[in-house]
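Chemist: Sharing a structure here in structure tokens format.
Number of protein chains: 2
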Amino acid sequence: MAKKRSQTMEENRVKLIAAARKAFAEKGYAAASMDELTAEAGLTRGALYHNFGDKRGLLAAVVDQIDTEMASRAQAIGARAGDDWQGLLDEGAAYIEMALDPEVQRIVLLDGPAVLGDPSQWPSQSSCLQATRQTIERLIVQGALKPVDPEAAARLLNGAALNAALWIAASDQPQDVLPKAVEAFDALAAGLLKTSA
Amino acid sequence: MAKKRSQTMEENRVKLIAAARKAFAEKGYAAASMDELTAEAGLTRGALYHNFGDKRGLLAAVVDQIDTEMASRAQAIGARAGDDWQGLLDEGAAYIEMALDPEVQRIVLLDGPAVLGDPSQWPSQSSCLQATRQTIERLIVQGALKPVDPEAAARLLNGAALNAALWIAASDQPQDVLPKAVEAFDALAAGLLKTSA
DNA sequence: AGCTTCACATACGGATCGTATATGAAGCTT
DNA sequence: AAGCTTCATATACGATCCGTATGTGAAGCT
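As structure tokens, then:
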């Protein structure tokens, strides 16, 4: 056999993150038991503490993984649009839809900030946010937007999208509410334009 | 003496909520010990579980108290403005500033949603949200705003303000970032107007 | 082959929450 | 006013969980 050591270690990390992702999403961070987690992955808490330091470290790793996935998806959608402005709107809509995923909502939007603190301080640095900010910066340079602070605009837009997602998720008929949320989002975003729509 | 029973009970509730408010703000919900809490209030966990059911119930009571204070403040500020539109902007700015209070931030914005779930389901938050929604509805009737869904617009605006507050609080120089956030908020809100500013 | 390293398992201690039981005073009845 | 009842709070207990300290067996190097 002679399985390489670093290889099994990487495999175990993957297993643990996968199990944690599932447990955190289903039970929430606080209610998720490390013993159950590791047992599900065929390991013990020993592996966990060796690889991730503590429970927070494990959550950080999970958040990082999900956040990265979200960023690449949002970026792909934004890039597919004709111009930067439409890209911004599409990114926002995509973000709202992604935030409907219970996993994203529970882990990244609720437990993440509560346990790890402000998202912008995370190692993944909330890649979604940075993508939005860069798009806004480009649009400002192009002269399409008012000269607002890009960071501020990106933050508030993200916040609006986030709240929209929470609203939709708590709603009885999500598919009925989604278009209303997107419409309102587009209207707010239009406030950044120099010329009104 | 003959202290009435219901009276001492009410006093104890007040003491417990005050102690909890302090402990939750300083240590966060998860790290706050019920034993320390109650001891600080001159009581034991027995009183706590009898009055609030469990730890979550205590947090709910604390959140309700803080949230009610915020709502009345925001409403007062909004009513002081000349017209509805300015009132909406002022309410938003007031909300952002209030969210800079570490107590508000830690308890209401971070731990609250993580532990209690979607804020819009809370009995108190709905009043704050409803106030802005009603203002928006009036402005739509007046013909000042685009005919967006009032509920959606109110939710997204609140979300934007909330995220702005988190950003400012995590910043190194809050007083430097605050005006940027308010400016961006005003810009976004202007997107709801029929005619651009 | 044998020593070393190290990733992981096992064992332990401390802390915490929720419940079940005890207590003592307020409140009502007669 | 005496005694029974109610109930708000205190005390005691069990279960769970996290983080650390120590053990172990296989990979890796000489």
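Read top to bottom, the protein sequences are chains A and B.
Our numbering numbers the first residue of the first sequence as 160 and each following residue consecutively.
Our numbering numbers the first residue of the second sequence as 160 and each following residue consecutively.
Ideal Cβ positions, reconstructed from N, Cα and C, are used throughout, including at glycine.
#1: One question on the structure: do A/L218 and A/L207 come within less than 8 Å of each other, judged by their Cβ atoms?
#2: If we ignore side chains and look at the alpha-carbon of each, how far apart do A/P338 and A/A328 end up?
#3: According to DSSP, A/L352 sits in a beta bridge with which residue or residues?
#4: Just the chain B side, please: which residues come within less than 9 Å of A/A323 by C-beta, in chain order?
#5: Could you tell me whether the Cβ atoms of B/L351 and A/L347 are closer together than 8 Å?
#6: Run the proximity test for B/P261: is its beta-carbon closer than 7 Å to any non-hydrogen atom belonging to the ligand SAH?
#7: Closest to A/L259 by C-alpha separation, out of A/A349, A/R172, A/L175 and A/L325, would be which residue?
#8: Within 8 Å (strictly less), CB to CB, does A/K214 reach chain B?
#9: In chain B, which residues lie with their C-beta within 7 Å of the C-beta of A/D242?
#10: So, is the C-beta of A/P282 closer than 8 Å to a C-beta in chain B?
#11: Would A/R265 be called buried (16 or more neighbouring beta carbons within 10 Å of its own) or exposed?
#12: Whose CA, out of B/Q334, B/M168 and B/L248, lies closest to the CA of B/R292?
#13: Taking the straight line between their C-alpha atoms, what separation do you get for A/E256 and A/A349?
#14: Pick helix, strand or coil for A/Y254, following the three-state DSSP scheme.
#15: Within 10 angstroms of the Cβ of B/T360, are there 16 or more other Cβ atoms? Answer buried if so, exposed if not.
#16: Checking contacts by CB at 8 Å: is B/S279 closer than that to chain A?
#17: When you check each C-beta in the stretch 252-282 of chain A against every C-beta of chain B, which residues fall closer than 7 Å?
#18: Which term fits B/D226, buried or exposed, when burial requires 16 or more other beta carbons within 10 angstroms of its beta carbon?
#19: Mind checking whether B/L275 and B/L321 have CB atoms under 8 Å apart?
#20: Residues of chain B with CB under 8 Å from A/E342, in chain order?
#21: What does A/A219 touch in chain B if you count any residue whose Cβ is under 8 Å from its own?
#22: Would you list, in chain order, the members of the stretch 175-190 of chain B that have their beta-carbon closer than 7 Å to a beta-carbon of chain A?
Modeler: Answer, in terms of the structure:
#1: Your numbering for residue 218 of chain A matches position 59 in the first sequence. Your numbering for residue 207 of chain A matches position 48 in the first sequence. Going by C-beta atoms, A/L218 is not nearer than 8 Å to A/L207.
#2: The residue labelled residue 338 of chain A in the question sits at position 179 within the first sequence. The residue labelled residue 328 of chain A in the question sits at position 169 within the first sequence. The straight-line gap from Cα to Cα measures roughly 13 Å.
#3: Taking the first residue of the first sequence as position 1, residue 352 of chain A is located at position 193. Note: A/L352 sits in a beta bridge opposite A/L304.
#4: In the first sequence, residue 323 of chain A corresponds to position 164, counting from 1. Within 9 Å Cβ-Cβ: A311, R314, L315 and G318.
#5: By one-based count along the second sequence, residue 351 of chain B stands at place 192. By one-based count along the first sequence, residue 347 of chain A stands at place 188. Yes; because the gap between Cβ atoms is below 8 Å, this pair is in contact.
#6: Annotation note on the ligand SAH: not contained in the displayed structure, which lists no ligands.
#7: Looking up residue 259 of chain A in the first sequence gives position 100. Here the closest residue by C-alpha is A/L325.
#8: Taking the first residue of the first sequence as position 1, residue 214 of chain A is located at position 55. For A/K214, the answer is no, since every Cβ of chain B falls outside 8 Å of its Cβ.
#9: By one-based count along the first sequence, residue 242 of chain A stands at place 83. Result: empty, since nearest Cβ-Cβ is about 18 Å, beyond 7 Å.
#10: The residue you call residue 282 of chain A lines up with position 123 of the first sequence. Answer no: the Cβ-Cβ gap between A/P282 and chain B never drops below 8 Å.
#11: Residue mapping note: residue 265 of chain A aligns to position 106 of the first sequence, counting from 1. By the neighbour-count rule (16 or more Cβ atoms within 10 Å), A/R265 is buried.
#12: Residue mapping note: residue 292 of chain B aligns to position 133 of the second sequence, counting from 1. Per the Cα distances, B/L248.
#13: Residue numbering aside, residue 256 of chain A sits at position 97 when the first sequence is read from its first letter. Residue numbering aside, residue 349 of chain A sits at position 190 when the first sequence is read from its first letter. Their Cα atoms are separated by approximately 20 Å.
#14: To locate residue 254 of chain A, count along the first sequence from 1; it is residue 95. Three-state DSSP puts A/Y254 in a helix.
#15: Residue coverage of chain B in this structure runs from 160 to 356, which leaves residue 360 of chain B outside it and unanswerable.
#16: To locate residue 279 of chain B, count along the second sequence from 1; it is residue 120. It does: the Cβ of B/S279 has a partner Cβ on chain A nearer than 8 Å.
#17: L269, D270, P272, A273, D277, S279 and Q280
#18: The sequence position of residue 226 of chain B within the second sequence is 67, counting from 1. With 16 or more Cβ atoms within 10 Å of its Cβ, B/D226 is classed as buried.
#19: In the second sequence, residue 275 of chain B corresponds to position 116, counting from 1. In the second sequence, residue 321 of chain B corresponds to position 162, counting from 1. It is not a contact, given that the beta carbons lie outside the stated cut-off.
#20: Within the first sequence, residue 342 of chain A is the residue found at index 183, counting from 1. The answer, in chain order, is V307, D308 and A311.
#21: By 1-based counting over the first sequence, the position of residue 219 of chain A is 60. Neighbours of A/A219 on chain B: none; closest Cβ ~16 Å, over 8 Å.
#22: A189
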